[in-house]
Structures are given as C-alpha cells and as structure tokens.
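Notes follow once the structure below has been shown.
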Amino acid sequence: DVKVTQSSRYLVKRTGEKVFLECVQDMDHENMFWYRQDPGLGLRLIYFSYDVKMKEKGDIPEGYSVSREKKERFSLILESASTNQTSMYLCASSRTGAAYNEQFFGPGTRLTVL
Amino acid sequence: GQNIDQPTEMTATEGAIVQINCTYQTSGFNGLFWYQQHAGEAPTFLSYNVLDGLEEKGRFSSFLSRSKGYSYLLLKELQMKDSASYLCAVRDREAGNMLTFGGGTRLMVKP
Numbered sequence: 016d017v018k019v020t021q022s023s024r025y026l027v028k029r030t031g032e033k034v035f036l037e038c039v040q041d042m043d044h045e046n047m048f049w050y051r052q053d054p055g056l057g058l059r060l061i062y063f064s065y066d067v068k069m070k071e072k073g074d075i076p077e078g079y080s081v082s083r084e085k086k087e088r089f090s091l092i093l094e095s096a097s098t099n100q101t102s103m104y105l106c107a108s109s110r111t112g113a114a115y116n117e118q119f120f121g122p123g124t125r126l127t128v129l
Numbered sequence: 042g043q044n045i046d047q048p049t050e051m052t053a054t055e056g057a058i059v060q061i062n063c064t065y066q067t068s069g070f071n072g073l074f075w076y077q078q079h080a081g082e083a084p085t086f087l088s089y090n091v092l093d094g095l096e097e098k099g100r101f102s103s104f105l106s107r108s109k110g111y112s113y114l115l116l117k118e119l120q121m122k123d124s125a126s127y128l129c130a131v132r133d134r135e136a137g138n139m140l141t142f143g144g145g146t147r148l149m150v151k152p
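These protein sequences, in sequence, are chains A and B. Take the first sequence: its letter number 108 is residue 123 in the working numbering, and every next letter is one higher. Take the second sequence: its letter number 23 is residue 64 in the working numbering, and every next letter is one higher.
Written out as structure tokens, the structure is:
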C-alpha cells in the first residue's frame, strides 16, 4: 500500500518561529511537492523537487524554503512564521515517466501561527 | 497563466446522479485530473482525461472536451459517503507539467 506520511497532523507555532514540516514517501518516487490549501483558493504549489538536492519554485514560494537530501524525504521550512502562513499543508509525490503521473498525497498538516 | 473554475458547493440526494463541472483556460493542456477529498483527509485520485470523451470507472465517470476547455465528473447512485470535496486539476506542459487545482466543489449528499 503506497504511503505518503507527514510529521504532524496539527501544529501551533508563534510568529517568528522557524517551522519544519517533514514529508516521507515509501514509493521510490522521483517527484515530491508541497502545497498549501486554503478555503476557496484550492491547492497552491509552493515548491517541488524532481530529484535529490533539486528544487523548483512553485506559484507561491515566498516565505518558504525546502530541502531534499534523500529521495524519500522532502522538508518544507518556514524561516520566520507569520500569521498569513496559517493553512493546511499537503505533501505529494509522483513517479516520473508514468502515463499520467498521478500524485499521491499525504494526510496534511494543519499549521496555526499565533 | 491558468484559470480553473468549478462550483463552490452542490447538494444532491442519496441515490441520485450529480454532475460537477470544471472549466479551464490553459495554453499547454496536457491532462485533467479529478481528486476526491473527504474533510480532514488527503486528496485521492479519481480519474484522468487527456483525450476527448468519457472515462467510466464504476459509479464515477469523467468527461473532457478540449476544444471547449470543459470537463465534468458524474457521480451515479449517490451514497452518503460521497459527501466530500471534488478537486479539478489541469496539467500544463508549458508550466513544466505541474498541476494547477481549482478551488474544489464541496458536495453534500442528503438522505
């Protein structure tokens, strides 16, 4: 059974704190993604990675950074959390070369920044 | 850029049929996905269309018309467990084959 896991389901942090969100997939997928999901706005891509140590900016990278030191792990970093980063964060992975590159999602981390 | 529109909310009755529409504008269309997302859970893949026509998978079907920039998800014999959000996502080869998601349609199935 394929699986994408995220380190926390719920997280509460204070403004200015550094926040790490971890994502691990066990499917040997090349591609990994970080999205945030807000009501009415759908999923918006923050960053993605198509290989170890590779990263590309998505639609809304400002205020975020990422790290991919191992194929199975993709971390999202909020260097200095702000209240407008309160959101649901979803990690996903997909295989390169598949007919339609279905993305598999983790359960999400609901982050609240106070 | 891309623009993907789908209704925010829909309500239907158990046992009925419901159609959720999605319209999009994109310059390098390379496939359209439908995902289901129950409250508090991860989105799960439902269907994929890249050519015009209807793809059927059990109670769920998805239709695509590339010339009209239009897709719909058809759910038959609705069950209470079908209450969820349905996300339309378009893949654009001119955006590195990344997915762009619509805002999602929250479907409520009533007895």
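C-beta: ideal position from N, C-alpha, C; glycine also.
Kindly indicate if chain B contains any beta-carbon less than 8 Å away from that of glutamine 40 of chain A. It does not; no Cβ of chain B falls within 8 Å.
Leucine 115 of chain B to serine 108 of chain B span [Cα, whole Å]: 20 Å
Which of helix, strand or coil DSSP assigns to glutamate 135 of chain B: The three-state secondary structure of glutamate 135 of chain B, taken from DSSP, is helix.
So which residues on chain A does phenylalanine 70 of chain B lean against when the C-beta distance must stay under 9 Å? Per Cβ cutoff of 9 Å: no residues; phenylalanine 70 of chain B is ~13 Å from chain A at best.
is_contact[leucine 128 of chain B, chain A] using C-beta, thresh 8 Å: With 8 Å as the cut-off, leucine 128 of chain B counts as an interface residue toward chain A.
Cβ-based burial, leucine 126 of chain A [other Cβ within 10 Å; buried from 16]: buried
Residue from A:Thr30, A:Ser64, A:Gly55 and A:Gly123 with nearest C-alpha to asparagine 46 of chain A: A:Ser64
Can you tell me the Cβ-Cβ gap for glycine 143 of chain B and aspartate 46 of chain B, rounded? I've got them flagged as a contact below 8 Å. With 8 Å as the limit, glycine 143 of chain B and aspartate 46 of chain B qualify as a contact, their Cβ atoms being about 6 Å apart.
When you compare only the Cα positions, how much space is there between leucine 140 of chain B and aspartate 53 of chain A? 16 Å
Answer with yes or no whether the minimum CB distance from leucine 58 of chain A to chain B is below 8 Å. The beta carbon of leucine 58 of chain A falls within 8 Å of a beta carbon belonging to chain B, placing the residue at that interface.
What are the residues that DSSP puts in a beta bridge with lysine 98 of chain B? B:Phe101
Under a CB-based cut-off of 8 Å, is leucine 95 of chain B close to chain A? Residue-level contact check: leucine 95 of chain B does not touch chain A, since none of the beta carbons of chain A fall below 8 Å from its beta carbon.
Taking the alpha-carbon of leucine 148 of chain B as reference, which of B:Gln120, B:Ala136, B:Phe86 and B:Ser102 has the nearest alpha-carbon? The option with the nearest alpha carbon to leucine 148 of chain B is B:Gln120.
When the Cα atoms are used, what is the spatial distance from valine 34 of chain A to glutamate 117 of chain A? 28 Å
I need the boundaries of the beta strand (DSSP E) containing lysine 151 of chain B, first residue and last residue. 146 to 151
Boundaries (first-last residue) of the beta strand (DSSP E) holding valine 67 of chain A: Premise fails: valine 67 of chain A is in no beta strand (DSSP E) and is neither H nor E.
Taking only heavy atoms of the ligand MG into account, decide whether any of them is closer than 7 Å to the Cβ of alanine 96 of chain A. No copy of the ligand MG appears in this structure; indeed no ligand is present at all.
Can you list the residues of chain A that glycine 99 of chain B reaches, using a CB-CB cut of under 8 Å? At a C-beta separation below 8 Å, glycine 99 of chain B has no neighbours in chain A, since its nearest C-beta there lies roughly 17 Å away.
Under the three-state DSSP convention, the category methionine 103 of chain A falls into: strand
DSSP three-state assignment for threonine 67 of chain B, whether helix, strand or coil: If DSSP states are grouped into helix, strand and coil, threonine 67 of chain B belongs with coil.
Distance cutoff 8 Å, beta carbons only. Does proline 5 of chain A sit that close to anything in chain B? Since the displayed chain A opens at 16 and closes at 129, residue 5 of chain A lies outside it and no answer follows.
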